[in-house]
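Numbering (the numbering used here), first residue to last: 27 to 476. Take a look at the structure set out below.
As structure tokens, then:
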């Protein structure tokens with residue numbers, strides 16, 4: 027055993043020893059004793075329900091492991107990667123937690139899959155670096171398209187760094203929540219996503235098919251405080267309903283979507299017969315995609331798109347900031363639209379729409395926080411705020427005064443509207459006035475967040 031692995035194992039044993047009295051068994055991989063002395067899959071198969079497997083290697087584990095029981099998989103002061111981890115539920119309930127995987131020495135992927143049989147699946151993935159390629163998403167939760175009796179699937183994907191690329195014709199989102207049968211709820215929060223050449227796939231893709239029980243949803247998703255960057259994707263974040271009378275609900279709030287290669291920054295599509303999608307698109311910053319938001323409904327097929335688009339910041343969209351087609355029940359108000367070509371036949375701006383400069387801190391460097399002179403500051407609608415933890419994308423308070431537009435809340439003192447000088451511009455009085463104004467502006471800038 028090499029010294030580094032020995033130290034990781036010792037540290038893991040010290041941590042686990044304190045918890046043995048109150049928890050199910052804890053296992054170390056790799057270990058010298060069975061079942062964890064050969065493959066990771068053997069260690070998983072030999073573990074009991076509720077066990078925790080602690081990875082104490084810094085190497086890449088080139089296995090595609092399958093978990094069918096309640097289990098936690100996490101590193102113990104190590105930096106392991108696992109080629110792929112799949113949590114699978116069918117007839118029995120399965121709850122799997124994956125923490126802290128890396129892509130050291132090779133890519134890691136995590137997937138949850140619910141099959142018919144009546145069992146429920148809960149998958150939590152946090153603090154991991156994951157890489158997907160082609161048709162294999164880096165991080166996903168899926169309900170199968172097979173017929174049968176289904177339980178429910180639940181996912182929490184939080185604080186992960188996720189990248190996805192495509193070399194061929196097949197694609198997958200970097201993060202996917204796909205319900206091909208009803209019963210999926212998913213929370214995607216504080217993930218950093220990079221997408222490259224995804225073709226017809228979105229960087230974050232939400233999809234629901236099949237009619238749910240009365241009062242339920244095919245897919246119910248929360249997409250909050252994510253950063254989505256890249257190029258060559260159909261959308262940065264996409265919400266879509268599939269066939270069979272699907273009912274999809276999604277809140278997309280406090281996200282940054284930045285990428286000139288995204289066809290749409292945000293996309294909400296109700297394009298299948300008799301289905302509906304209800305979306306709340308709030309306090310997002312969307313920049314550079316040809317279209318900032320595309321929202322459409324196939325009303326000719328009985329589809330319907332409802333919801334609200336508010337407090338968003340759209341900038342630099344050559345084909346339109348908001349392309350809203352056949353969506354009379356999708357209300358837009360209090361959005362900032364800047365340097366964007368109006369879409370052909372666009373409906374009139376909603377109440378509270380502004381067109382001033384968002385004055386980004388450093389757009390060239392990818393910093394879309396607001397400066398003190400931004401037209402987005404204090405011009406949102408407080409009644410449309412939906413921040414689960416009261417924080418913006420930067421982890422700062424979501425409201426300082428009146429809520430700002432976009433994903434970032436300016437924490438300092440905003441500059442006032444321009445003052446027109448109605449007195450003579452020469453003489454001692456004018457010099458004193460100029461000096462006072464310069465001192466005042468300097469004070470505002472000192473109070474603004476760095």
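Cβ atoms here follow ideal geometry from the backbone N, Cα and C, with glycine treated the same way.
If you check the CB distance, residue 83 and residue 106 come in under 8 Å.
Closest in C-alpha terms to residue 264, from the list 271, 226, 299, 429, comes 226. Taking 3 residues as the minimum length, the beta strand (DSSP E) runs contained wholly in the segment 162-206 are 165-169, 179-184, 187-191, 201-205, in order along the chain. Rounded to whole angstroms, the separation of the alpha carbons of residue 278 and residue 424 is 15 Å. Counting other Cβ atoms within 10 Å of its Cβ, residue 384 reaches 16 or more and is therefore classed as buried. Rounded to the nearest whole angstrom, the C-alpha separation of residue 152 and residue 51 is 22 Å. Residue environment for residue 324: buried (at least 16 other C-beta atoms within 10 angstroms of its C-beta).
Look at residue 422 here: in three-state DSSP terms it is coil, with no helix or strand label.
Taking the Cβ atoms as the reference, residue 302 lies roughly 13 Å from residue 322, outside the contact range of under 8 Å.
Looking at the backbone, the Cα of residue 75 and that of residue 222 are separated by about 38 Å.
With fewer than 16 other beta carbons inside 10 angstroms of its own, residue 286 counts as exposed.
The beta-carbon separation of residue 367 and residue 400, rounded to 22 Å, does not stay under the 8 Å limit for a contact. Contact annotation, residue 290 with residue 319: C-beta distance approximately 7 Å; criterion of less than 8 Å satisfied.
Residue 211 and residue 441 have their C-alpha atoms spaced approximately 42 Å apart.
Distances from the CA of residue 397 to each of 439, 294, 238 were compared; the closest alpha carbon is that of 439. Here residue 381 is exposed. Its C-beta has fewer than 16 other C-beta atoms within 10 Å.
In this structure, 329 is the residue among 215, 329, 335 with its C-alpha nearest to the C-alpha of residue 237. Counting other Cβ atoms within 10 Å of its Cβ, residue 266 reaches 16 or more and is therefore classed as buried. 229 is the residue among 373, 229, 409 whose C-alpha sits nearest the C-alpha of residue 162. DSSP places residue 71 outside any beta strand (DSSP E); the residue lies instead in the alpha helix (DSSP H), whose first and last residues are 66-72. Under DSSP, residue 246 forms a beta bridge with 211, 275.
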